[in-house]
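Visitor: Shown below is the structure under consideration.
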Amino acid sequence: MLIVDRALDQRERDGSPIRVGLIGAGFMGGAIAHQIIRRTPGMRLAAIANRNVDRAAAAYERAGVGDVARSSEHAAVHTAIAGDRPVVTDDPLAVSTAPGIDALIEVTGSLEYAAHVVLSAIEHGKHVILMNAELDGTVGTILAARADAAGVILTACDGDQPGVELNLVRFVQGIGLQPRVCGNIKGLQDEHRNPTTQQGFAERWGQNVHMVTSFADGTKISFEQAIVANALGFTVEERGMRGGDHPGHVDELVDGRYDVERLRELGGVVDYVVGATPGPGVYVLAEETDDFHRHYLELYKLGKGPLYSFYVPYHLCHFEVPTSVARAVLFDDPVLRPRARPTVDVVTTSKVALSAGTVLDGIGGYHTYGQCERADVVVADGLLPMGLAEGCQLRHDVPADTVLTRDDVDLPAGRLVDELRAEQDRLFA
Numbered sequence: 109m110l111i112v113d114r115a116l117d118q119r120e121r122d123g124s125p126i127r128v129g130l131i132g133a134g135f136m137g138g139a140i141a142h143q144i145i146r147r148t149p150g151m152r153l154a155a156i157a158n159r160n161v162d163r164a165a166a167a168y169e170r171a172g173v174g175d176v177a178r179s180s181e182h183a184a185v186h187t188a189i190a191g192d193r194p195v196v197t198d199d200p201l202a203v204s205t206a207p208g209i210d211a212l213i214e215v216t217g218s219l220e221y222a223a224h225v226v227l228s229a230i231e232h233g234k235h236v237i238l239m240n241a242e243l244d245g246t247v248g249t250i251l252a253a254r255a256d257a258a259g260v261i262l263t264a265c266d267g268d269q270p271g272v273e274l275n276l277v278r279f280v281q282g283i284g285l286q287p288r289v290c291g292n293i294k295g296l297q298d299e300h301r302n303p304t305t306q307q308g309f310a311e312r313w314g315q316n317v318h319m320v321t322s323f324a325d326g327t328k329i330s331f332e333q334a335i336v337a338n339a340l341g342f343t344v345e346e347r348g349m350r351g352g353d354h355p356g357h358v359d360e361l362v363d364g365r366y367d368v369e370r371l372r373e374l375g376g377v378v379d380y381v382v383g384a385t386p387g388p389g390v391y392v393l394a395e396e397t398d399d400f401h402r403h404y405l406e407l408y409k410l411g412k413g414p415l416y417s418f419y420v421p422y423h424l425c426h427f428e429v430p431t432s433v434a435r436a437v438l439f440d441d442p443v444l445r446p447r448a449r450p451t452v453d454v455v456t457t458s459k460v461a462l463s464a465g466t467v468l469d470g471i472g473g474y475h476t477y478g479q480c481e482r483a484d485v486v487v488a489d490g491l492l493p494m495g496l497a498e499g500c501q502l503r504h505d506v507p508a509d510t511v512l513t514r515d516d517v518d519l520p521a522g523r524l525v526d527e528l529r530a531e532q533d534r535l536f537a
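To get the numbering used here, take the position in the sequence shown, counting from 1, and add 108.
Right, dumping it as structure tokens:
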């Protein structure tokens, strides 16, 4: 984002950098740490919380920071932050409650763990930047309402595909067109992939195998597109989105793939394609109804309409996350946040035939995958949100590729994420 760079430069000159806490030091968290420390003036990575403290310390060390404090005690962590000494801890609440932190970046991909941290950060007046579509797509609406009440921002991030889509939507709306389709470009979609099939890829790139599996089996893209839909009030044309292979360029999607009248009726949809160019980016198909402007759009080589293709040919993940922090702290500008009422949810679907008594292993596992579905259908049919599936025990046998309902399972007791989801459903369903 232009303007953010100059604002950060000014914070650096003024000696008043934004102080950030990072929750998670895995593949993506470690990269975000490096980006903030080495490449982002006007911002300081004050603390990292990670279950494995050595991994958090290593993230600092890779970026050239050697003098790092370690503690599990809240008071000691807060003292280090107040003294501008980087600190690592295994207790994320020591960071979320620290008076000196301006914003928290949550990048664990967890649900229950992340829910406690995010809620604590909101209650202690921190802006929260989520690189966690799973949490956002499950209880993002109620968390956003809590953030609003606390006077802070809860937002997804630049660089991740949902944020890139929302930035593109704002550009399209800024020139006066109406977005009708927000799309994500994938290289693979196979709902029956599992940690065994994805182990080699995960090892090659140093990634978590369950996260990699969630990319391959479609769960991750379902959560990503759900939060895009919930930010815009969009929906899906059908369960699982339309999807499918498209070996050509995304510009070709304006010709016959979508019924424009139907898109108008729905107000806009989220979707994805597999194998399109330019991948792995995002696209927005937008409508122009004014013949005057359609004449110019044809002159500018965008076609005859009524749909026009706009795209970004990449998403740069951790490189852009500091921009999201600056937008929230300096400009009160969320990249992506849910509207008042969810429109799309992600439902739990069995990958294989499962027996009564099976305890579901959750996102990126062997048992289930997620599909987008209209939020009103999820409520009306009592479907089981994918974000609540982990740890649920099946009451009876289910065939493969069955969408599970709440009546099919017993939920674990005492989870915060279930409480938040129940509150969200009461207030917004």
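Every residue, glycine too, gets a C-beta built ideally from N, C-alpha and C.
Tell me the rounded alpha-carbon separation between residue 533 and residue 484.
Guide: 10 Å
Visitor: Roughly how many angstroms separate the alpha carbons of residue 295 and residue 524, rounded to a whole number?
Guide: 35 Å
Visitor: Can you grab the Cα-Cα spacing for the pair residue 477 / residue 304, in whole Å?
Guide: 15 Å
Visitor: Determine the DSSP secondary structure at residue 308, reduced to helix, strand or coil.
Guide: helix
Visitor: What whole-angstrom Cβ distance do residue 361 and residue 393 have, given they're in contact under 8 Å?
Guide: 6 Å
Visitor: Express the C-alpha separation of residue 115 and residue 467 in angstroms, rounding to a whole number.
Guide: 50 Å
Visitor: The alpha helix (DSSP H) spanning residue 250 covers which residue range?
Guide: For residue 250, the uninterrupted alpha helix (DSSP H) run begins and ends at 241-258, by DSSP.
Visitor: Hey, out of 286, 139, 518, 395, whose CA is closest to residue 315's CA?
Guide: 139
Visitor: In terms of residues, what are the limits of the beta strand (DSSP E) holding residue 271?
Guide: Per DSSP, residue 271 belongs to no beta strand (DSSP E); it is in the alpha helix (DSSP H), 269-282.
Visitor: Which ranges would you report for the alpha helix (DSSP H) in the region 387-465 if only whole runs of at least 4 residues count?
Guide: 399-407, 429-439
Visitor: Applying the 10 Å Cβ sphere with the 16-neighbour rule, what's the burial state of residue 380?
Guide: Residue 380 is buried by the Cβ-count criterion.
Visitor: If I follow the unbroken beta strand (DSSP E) through residue 288, where does it start and stop?
Guide: Taken as a continuous stretch (DSSP letters only), the beta strand (DSSP E) holding residue 288 covers 286-294.
Visitor: Please identify the residue among 153, 171, 266 whose C-alpha is closest to the C-alpha of residue 442.
Guide: 266
Visitor: Do three or more CB pairs link the region 335-352 to the region 449-458 at distances below 8 Å?
Guide: yes
Visitor: Using the Cβ count rule (16 or more neighbours within 10 Å means buried), how would you classify residue 535?
Guide: Residue 535 counts as exposed, since fewer than 16 other beta carbons sit within 10 angstroms of its beta carbon.
Visitor: Tell me, please, whether the region 233-251 touches the region 413-420 by the rule of three or more beta-carbon pairs shorter than 8 Å.
Guide: no
Visitor: Of the residues 195, 155, 259, 244, which one's Cα is nearest the Cα of residue 495?
Guide: 244
Visitor: Roughly how many whole angstroms lie between the Cα atoms of residue 487 and residue 422?
Guide: 35 Å
Visitor: Assign residue 384 to buried or exposed, taking buried as 16 or more other Cβ atoms, counted over all protein chains shown, within 10 Å of its Cβ.
Guide: buried
Visitor: Determine the direct distance from the alpha carbon of residue 277 to that of residue 395, and round the result to whole angstroms.
Guide: 12 Å
Visitor: Using alpha carbons as the reference points, say which of 146, 368, 176, 497 lies closest to residue 286.
Guide: When only C-alpha atoms are compared, the closest one is 368.
Visitor: Residue range of the beta strand (DSSP E) that residue 155 falls in?
Guide: 151-157
Visitor: At 3 residues or longer, what runs of the beta strand (DSSP E) sit wholly inside the region 165-253?
Guide: 195-197, 211-214, 235-238
Visitor: Going by DSSP, name the residue or residues bridged to residue 377.
Guide: 289, 343
Visitor: Looking only at its own chain, which residues have a Cβ that is under 6 Å from the Cβ of residue 193, when we skip the five neighbours before and after it?
Guide: 177
Visitor: Could you tell me which residues DSSP pairs with residue 518 in its beta bridges?
Guide: Residue 518 is bridged by DSSP to 501.
Visitor: Can you tell me whether residue 263 is buried or exposed, with buried defined as 16 or more other CB within 10 angstroms of its CB?
Guide: buried
Visitor: Rounded C-beta distance between residue 173 and residue 156? I'm assuming under 8 Å.
Guide: Residue 173 to residue 156, Cβ: 10 Å. No contact.
Visitor: Considering only C-alpha positions, which residue in the set 301, 154, 117, 160 is nearest to residue 148?
Guide: 117
Visitor: For the alpha helix (DSSP H) containing residue 528, list its first residue and its last residue.
Guide: Counting along the chain, residue 528 sits inside the alpha helix (DSSP H) bounded by residues 524-536.
Visitor: Could you tell me the distance, in whole angstroms, from the CA atom of residue 239 to the CA atom of residue 216?
Guide: 8 Å
Visitor: Helix, strand or coil for residue 509 per DSSP?
Guide: coil
Visitor: Residue 142 by DSSP, collapsed to three states: which one?
Guide: helix
Visitor: Check for me: the beta strand (DSSP E) holding residue 264 runs from which residue to which?
Guide: 262-264
Visitor: Keeping to the same chain, check which residues put their C-beta closer than 7 Å to that of residue 317; ignore five residues upstream and five downstream.
Guide: 303, 306, 307, 310
Visitor: Tell me whether the beta-carbon of residue 219 lies closer than 8 Å to the beta-carbon of residue 246.
Guide: yes
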